[in-house]
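Per our numbering, the sequence shown starts with residue 918, numbered consecutively.
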Amino acid sequence: MRKLFTAKVLLAGIIVGTLDICAAMLQFFLKTGKDPFIVPKFVASGVFGSAAMKGGANMIAWGFLFHYFIAMSFTVFFFWLCSKRPSLLTNRLLTGIGYGIFTWAVMRFVVVPLSLTNKQPATLNGTLMAILILIVCIGIPLAYMVAAFRKQAE
C-alpha cells in the first residue's frame, strides 16, 4: 500500500510540475517572444545566481531539476495536508484555488526572497498571471488527483 501511495504522489508531482513549467514557459514566450528555455535558467538562478542566465543546457537541466523538486515538495505537502484534514476535499475546486494561492504566496514571500534570483518588480498583471497558473496547474489538479486517489483506496 505504501508503494502505491508513493507512486501516486510521484505521478501527481510529475503531472503538476509539468503543467506548471509548460504554462510558465508558454506564457513567457507569448509575452516576450523570447526563448522559453530562459524560464528554467531563471529557476536555476535561484541557486547559481546570474551565472545561470549565461549558462547553457546544464543550467536548463538544473532549472528543471529544481523546478520539479519544488513541485514535488508542494505535492507531498498537499497529500499530507489532505491526510490530516480530509474535509479539504469536500469542495475540491475551492481547495484547489486556495492551494494555488498558498503556493504562490510561499514562492513569492519565502522561496524567491531566499534565492539568488534577480528579483523582478511585481506588477498586477504578472502577479495575477502567476497566481492563475498555480491555481490551474497545481492547486486544482492536485485537489482532484488526491480525491481520486483517496476514493480508489477506499
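C-beta: ideal position from N, C-alpha, C; glycine also.
| Query | Result |
| --- | --- |
| Measure the alpha-carbon distance for Arg1072 versus Ala1064 and round it to whole angstroms. | There is no way to answer for residue 1072, as the model of the chain reaches only from 918 to 1071. |
| What residue range does the alpha helix (DSSP H) around Ile987 cover? | Ala974 to Lys1001 |
| Thinking C-alpha only, which one of Leu1049, Ser1004 and Gly966 is nearest Leu1033? | Gly966 |
| Could you give the C-beta distance for Gly1017 and Ile987, rounded to a whole number, given that I count them as a contact under 8 Å? | With 8 Å as the limit, Gly1017 and Ile987 do not qualify as a contact, their Cβ atoms being about 14 Å apart. |
| Run through DSSP, which three-state label would Pro1058 get? | helix |
| Between the Cα of Lys948 and those of Ile977, Phe1019, Cys999 and Met1046, spot the shortest distance and give me the residue it belongs to. | Met1046 |
| Would you call Thr1012 buried or exposed, if buried means 16 or more other Cβ atoms sit within 10 Å of its Cβ? | buried |
| In terms of residues, what are the limits of the alpha helix (DSSP H) holding Thr1040? | Looking at the DSSP string, Thr1040 is not in any alpha helix (DSSP H), and its letter there is neither H nor E. |
| Can you give me the C-alpha to C-alpha distance between Ala969 and Lys1036, rounded to a whole angstrom? | 14 Å |
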